[in-house]
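*Asks:* Quick note: our numbering has the sequence shown finishing at residue 311, numbered continuously throughout. The beta carbon of each residue, even a glycine, is placed where N, CA and C say it ideally should be. Have a look at this one before I ask anything.
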Amino acid sequence: MTKRKNILVTGGTGFIGSTLTQYLVGQGYHVTVLTRTSQEGRNNLDQIDFVSSLNTIRNSDWYGIVNLAGEPLNKVRWSVRQKEKIINSRVTLTCRINDWIRDLQVPPEILISGSAVGWYGHWDDECLDEDSHNREGFSNELCGAWESAAFEAADLVSRICIIRLGIVLGSHGGSLPAMLLPAKLGLGGPMSNGSQWWSWIHIADTVRSIAMLLKNGQANGVFNLTAPTPVTQKTFATTLGKQLNRSAILPLPGLIIKLMMGEFAEEVLLNGQRVLPKKLLDAGFEFNYPNLPDALSQLL
Ligand SMILES: NC(=O)c1ccc[n+]([C@@H]2O[C@H](COP(=O)([O-])OP(=O)(O)OC[C@H]3O[C@@H](n4cnc5c(N)ncnc54)[C@H](OP(=O)(O)O)[C@@H]3O)[C@@H](O)[C@H]2O)c1
């Protein structure tokens, strides 16, 4: 019998991480989750180990690390302090992971570390891929700092993959559940003029693509984790409305959204970028949900 490969996941208790860990266990990996919180009473994850410190797991052989942990972006309104917390939570942990790797007798083959399509900054209709450049703004600052911290492990592991995640759509977490109530009430119309691009990806394709990066020995560098068909926010709202048999006509003025949600709205909801998963497609990845109507229909 072949030995299960060990994978360490940070953020493995979160929306993406918890789906990923289950998927990786199903793919034959042994998964350990680094977490700040006690996992007592979580009996549905009995094939996964939870640890609270890297010091206790120096002796195993590690095949890979998937680094997703970080302070949520939409937990509280962004103040200068909260923005520092959002950045520092990711950078500090990533540096700790690098130090831990440095001390291992046998380094892991691969580090996969999180980022987001916000790295590209705000764009209009231009199609962006992994070769496109960035524009300044808080999302770019955050993702840039997180990516730079991860790239410091370049000499320590054989491969680093940075995953620039789009809006991950799932039924049990992420942005979609929060969009459902307004949409059901017929209030999920275009935000501002709705022309901003939203690059989305179904949660199943998210975890499948991360598993592909772990497995594919050629995979290296930055990968956009987005479906091949980004849509404008207006199209997103209309498509969601159709799935719920509600019209999505009533526009939400940008000013109201900004007043309600502050800078987060400006960065994430009212501006966007049209990002394509060029490197995933070049690597032969096949999306189960390449189109938004099919993705939403499956999730709802
Ligand atoms: N969901 C999306 O659409 C999306 C899009 C682009 C990028 N991303 C990024 O991808 C990562 C995973 O996303 P997600 O939606 O799964 O996030 P999530 O559900 O908020 O989970 C994040 C995990 O990070 C840990 N965490 C939270 N606050 C922390 C802090 N202050 N310091 C250290 N760890 C902390 C938590 O683990 P413990 O409590 O167990 O320690 C939590 O389970 C995040 O970094 C997110 O910004 C997500």
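Where do the ends of the beta strand (DSSP E) carrying Gly-28 lie?
*Replies:* Premise fails: Gly-28 lies in the alpha helix (DSSP H), 26–37, not in any beta strand (DSSP E).
*Asks:* CA-CA distance, Gly-228 and Thr-30?
*Replies:* Gly-228 and Thr-30: Cα-Cα distance of roughly 23 angstroms.
*Asks:* Do you know offhand how far Arg-175's Cα is from Gly-75's?
*Replies:* Approximately 18 angstroms between the Cα atoms of the pair.
*Asks:* Which residues does DSSP pair with Ile-178 in a beta bridge?
*Replies:* In DSSP, Ile-178 forms a bridge with Trp-211.
*Asks:* Taking 8 angstroms as the cut-off, decide whether the C-beta atoms of Pro-193 and Lys-245 are in contact.
*Replies:* Not in contact: Pro-193 and Lys-245 (Cβ atoms no closer than 8 angstroms).
*Asks:* Just to confirm my understanding: we take Trp-157, look at its own chain, exclude 5 residues before and 5 after, and list those with CB closer than 8 angstroms. What are they?
*Replies:* Same-chain partners within the cutoff: Gly-81, Ile-98, Arg-101, Val-102, Thr-105, Ser-124, Gly-125 and Ser-126.
*Asks:* Leu-263: which of Ser-49, Met-271 and Arg-257 sits nearest, CA to CA?
*Replies:* It is Met-271.
*Asks:* Between which two residues does the beta strand (DSSP E) harbouring Ala-127 extend?
*Replies:* Its beta strand (DSSP E) spans residues 121–127.
*Asks:* Just reading off the alpha helix (DSSP H) that Asp-293 is part of, what are its end residues?
*Replies:* Segment 289–293, the alpha helix (DSSP H) holding Asp-293.
*Asks:* Quick check on the burial criterion: 16 or more other C-beta atoms within 10 angstroms. Buried or exposed for Thr-24?
*Replies:* With 16 or more other Cβ atoms within 10 Å, it is buried.
*Asks:* Would the C-beta of Val-286 count as close to ligand 1, meaning under 7 angstroms from any of its heavy atoms?
*Replies:* It does not: the Cβ of Val-286 is nowhere closer than 7 angstroms to a heavy atom of ligand 1.
*Asks:* Rounded to whole angstroms, what's the CA-CA distance from Asp-142 to Gly-232? Just pull it up for me.
*Replies:* Roughly 11 angstroms between the two C-alpha positions.
*Asks:* Nearest to Lys-289 by alpha carbon, out of Val-36, Asn-282, Pro-239 and Gln-254?
*Replies:* Here the closest residue by C-alpha is Pro-239.
*Asks:* For Leu-198 and Phe-247, what's the separation of their Cα atoms in angstroms?
*Replies:* So the two alpha carbons sit approximately 13 angstroms from each other.
*Asks:* Counting C-beta neighbours from all protein chains within 10 Å, is the total for Pro-83 16 or more, i.e. buried, or is it exposed?
*Replies:* So Pro-83 ends up on the exposed side.
*Asks:* What do you reckon, are the CB atoms on Met-190 and Leu-280 nearer than 8 angstroms?
*Replies:* No, the pair does not count as a contact, with Cβ atoms beyond the cut-off.
*Asks:* Please state whether DSSP places Val-77 in a helix, a strand or coil.
*Replies:* The answer is strand: DSSP assigns Val-77 an E or B state.
*Asks:* Mind checking which residues open and close the beta strand (DSSP E) that includes Asp-60?
*Replies:* Per DSSP, Asp-60 belongs to the beta strand (DSSP E) from 60–62.
*Asks:* How about Ile-27: is its Cβ closer than 7 angstroms to a heavy atom in ligand 1?
*Replies:* Checking every heavy atom of ligand 1 against the Cβ of Ile-27, one is found closer than 7 angstroms.
*Asks:* So what's Val-91 in DSSP terms, helix, strand or just coil?
*Replies:* In the structure shown, Val-91 sits in a helix (DSSP, three-state: H, G or I).
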